[in-house]
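Colleague: The structure that follows is given in the form of structure tokens.
There are 2 protein chains.
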Amino acid sequence: MFSKACEYGIKAMIYVATQSLKGDRVKIGDIVEKVGSPEAFTAKILSDLVKNGLIESLKGPYGGFAIQPAKMESIKVIQIVSVIDGDSIFRGCGLGLAECNALEPCPMHSKFVKIRSELKKALETTSLLELANGIKTGKTILIR
Amino acid sequence: MFSKACEYGIKAMIYVATQSLKGDRVKIGDIVEKVGSPEAFTAKILSDLVKNGLIESLKGPYGGFAIQPAKMESIKVIQIVSVIDGDSIFRGCGLGLAECNALEPCPMHSKFVKIRSELKKALETTSLLELANGIKTGKTILIR
DNA sequence: CTTATTTGCGATAAAATTATCGGAAATAGG
DNA sequence: CCTATTTCCGATAATTTTATCGCAAATAAG
Ligand code: FES
Ligand code: FES
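As you go down the protein sequences, you meet chains B and W in turn.
The first sequence runs 1 to 144 under full-length UniProt numbering.
The second sequence runs 1 to 144 under full-length UniProt numbering.
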């Protein structure tokens, strides 16, 4: 469904959010430990998210990653996915035609659009805060 | 969503079905022309589908691929997808945890299961005959 | 200013996916 | 049989994705 990069990015964002809610900045080493992802690769992905304004970073001692709690409600999962994987999941044709076009649809089109729009809607309405709270209350986990 | 291999496989199956409905066997060269996929790669995928009994092949002159029209209603898209991509789309965790487990769910689990089960249901209830008929009536296309 | 720390970044490597190539095996027809 | 045709199959190559490495840039603290 999502790329590995995207999975790591989402999980990293959630973990940073939980720590930012407690006022803690987190270093990459801490993140990858809690998320179970490769360090340098995850750092690259986070760097991408920094450029797109979804998370902030600070270099040097006492540095690390943080997300302002005030932003967590407005950050939706779809934004993370869009930065890392682009929007091909939401706009592309399920059978790989150059573009998805309802006037000249592929054989799977009518089945696809429904599922795709539900996926999109779910990602649009799920906030980072909601996901971080799930971890905080122990209802959900990031690593097994 | 699906791998390229899976996209090619589904489209090839649909094209062969339309021709088998007319009583024609089709050669790999004809298939890839109508589907827009690389020849040797598509041949590999079809060979996999043959092994799994979803399509039949005949070597030599007047050979090629065919699907018995009587089977087309019972062949569902999910079978094609399962042969080529496996069932990780239907059973795996959306955030990449080792397995999807409702008792220890990842943060996206509750959103995911709904979409995943709808996707599964759609693929389970869509028959090859239905897709082939869409092509035959010109309502849908395989290549753009 | 110096040092220790931590992200940023370009180059590189490994692995997986996608794609190509060459020839073997089967088969129909003459 | 012999030949032409076509799928089958293993090896190989190209591309994309995933992952690692080394060092530069920034920053906080003494
Ligand atoms: S044309 Fe294929 S999903 Fe819309
Ligand atoms: S545990 Fe992640 S989708 Fe179920």
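For each residue, glycine too, the CB sits at the ideal point set by N, CA and C.
What runs of the alpha helix (DSSP H), each 4 residues or longer, lie entirely inside the stretch 50-85 of chain B?
Modeller: If we require 4 residues or more, the alpha helix (DSSP H) runs fully inside the stretch 50-85 of chain B come out as 69-72 and 77-85.
Colleague: For residue 46(B) versus residue 12(B), is the C-beta distance shorter than 8 Å?
Modeller: The answer is yes: Cβ separation under 8 Å.
Colleague: Expressed to the nearest angstrom, what Euclidean distance is found between the alpha-carbon atoms of residue 65(B) and residue 73(B)?
Modeller: When rounded, the distance between both Cα atoms is 18 Å.
Colleague: For a cutoff of 8 Å on Cβ pairs, would you count residue 33(W) as touching chain B?
Modeller: Not an interface residue.
Colleague: Please tell me whether residue 97(B) has its Cβ less than 8 Å away from any Cβ of chain W.
Modeller: So, interface residue.
Colleague: What's the gap between the Cα of residue 10(W) and the Cα of residue 80(W)?
Modeller: Near 7 Å, if we compare the C-alpha coordinates of residue 80(W) and residue 10(W).
Colleague: Would you please state the rounded distance, in angstroms, between the beta carbons of residue 125(W) and residue 107(B)? I believe it to be under 8 Å.
Modeller: About 14 Å; that fails the 8 Å criterion.
Colleague: Around ligand 1, which residues pass a check of Cβ closer than 6 Å to any of its heavy atoms?
Modeller: Per the Cβ criterion, the list is 93(B), 94(B), 95(B), 97(B), 100(B), 101(B), 105(B), 106(B), 108(B), 109(B) and 112(B).
Colleague: If the cut-off is 7 Å on Cβ atoms, which residues from the stretch 4-15 of chain W count as contacting chain B, listed in chain order?
Modeller: Under the 7 Å Cβ criterion, the stretch 4-15 of chain W contributes 4, 7, 10, 11 and 14.
Colleague: Please confirm whether residue 1(W) has its beta-carbon closer than 8 Å to some beta-carbon of chain B.
Modeller: Yes, residue 1(W) counts as interfacial toward chain B.
Colleague: One question on the structure: do residue 31(W) and residue 118(B) come within less than 8 Å of each other, judged by their Cβ atoms?
Modeller: Going by C-beta atoms, residue 31(W) is not nearer than 8 Å to residue 118(B).
Colleague: For the candidate residues 36(B), 83(B) and 142(B), whose alpha-carbon lies nearest to that of residue 6(B)?
Modeller: Residue 6(B) has its Cα closest to that of 83(B), out of 36(B), 83(B) and 142(B).
Colleague: Taking the straight line between their C-alpha atoms, what separation do you get for residue 24(W) and residue 129(W)?
Modeller: Their backbone Cα atoms lie some 16 Å apart in a straight line.
Colleague: Work out the CA separation of residue 110(W) and residue 132(B) for me, nearest whole Å.
Modeller: In a straight line, the C-alpha of residue 132(B) is about 14 Å away from that of residue 110(W).
Colleague: Residue 149(B) and residue 143(B): beta carbons closer than 8 Å?
Modeller: The structure shown does not extend to residue 149(B), since chain B is modelled only from 1 through 144, so no value can be given for it.
Colleague: With a CB to CB cut of under 7 Å and the five nearest residues on each side skipped, what residues in its chain are close to residue 50(W)?
Modeller: Counting only Cβ-Cβ distances below 7 Å, and skipping sequence neighbours, we find 56 and 57.
Colleague: Strictly below 7 Å CB to CB, what residues from chain B border residue 61(W)?
Modeller: Simply none; closest approach about 31 Å.
Colleague: Does the beta carbon of residue 144(B) sit closer than 8 Å to a beta carbon anywhere in chain W?
Modeller: Yes, contact with chain W.
Colleague: If you run the structure through DSSP and keep just helix, strand and coil, what is residue 3(W)?
Modeller: Looking at residue 3(W) - three-state DSSP - the assignment turns out to be coil, as it is neither helix nor strand.
Colleague: Tell me the rounded alpha-carbon separation between residue 67(B) and residue 102(W).
Modeller: Distance between the alpha carbons of residue 67(B) and residue 102(W): 28 Å.
Colleague: Which residues in the same chain as residue 92(W) place their Cβ atom closer than 8 Å to its Cβ, once the five residues preceding and following it in sequence are excluded?
Modeller: Closer than 8 Å at the Cβ level, and outside the excluded window around residue 92(W), lie 99 and 100.
Colleague: Which whole runs of the alpha helix (DSSP H) in the stretch 96-135 of chain W are 4 residues long or more, in chain order?
Modeller: Runs found: 109-125.
Colleague: Take residue 43(W) and list the residues in its own chain whose beta-carbon comes closer than 7 Å to its own, dropping the five residues that flank it on each side.
Modeller: 28, listed in sequence order.
Colleague: Please compile the residues from chain B whose C-beta is within a distance smaller than 8 Å of the C-beta of residue 118(W).
Modeller: In chain order: 114, 115 and 118.
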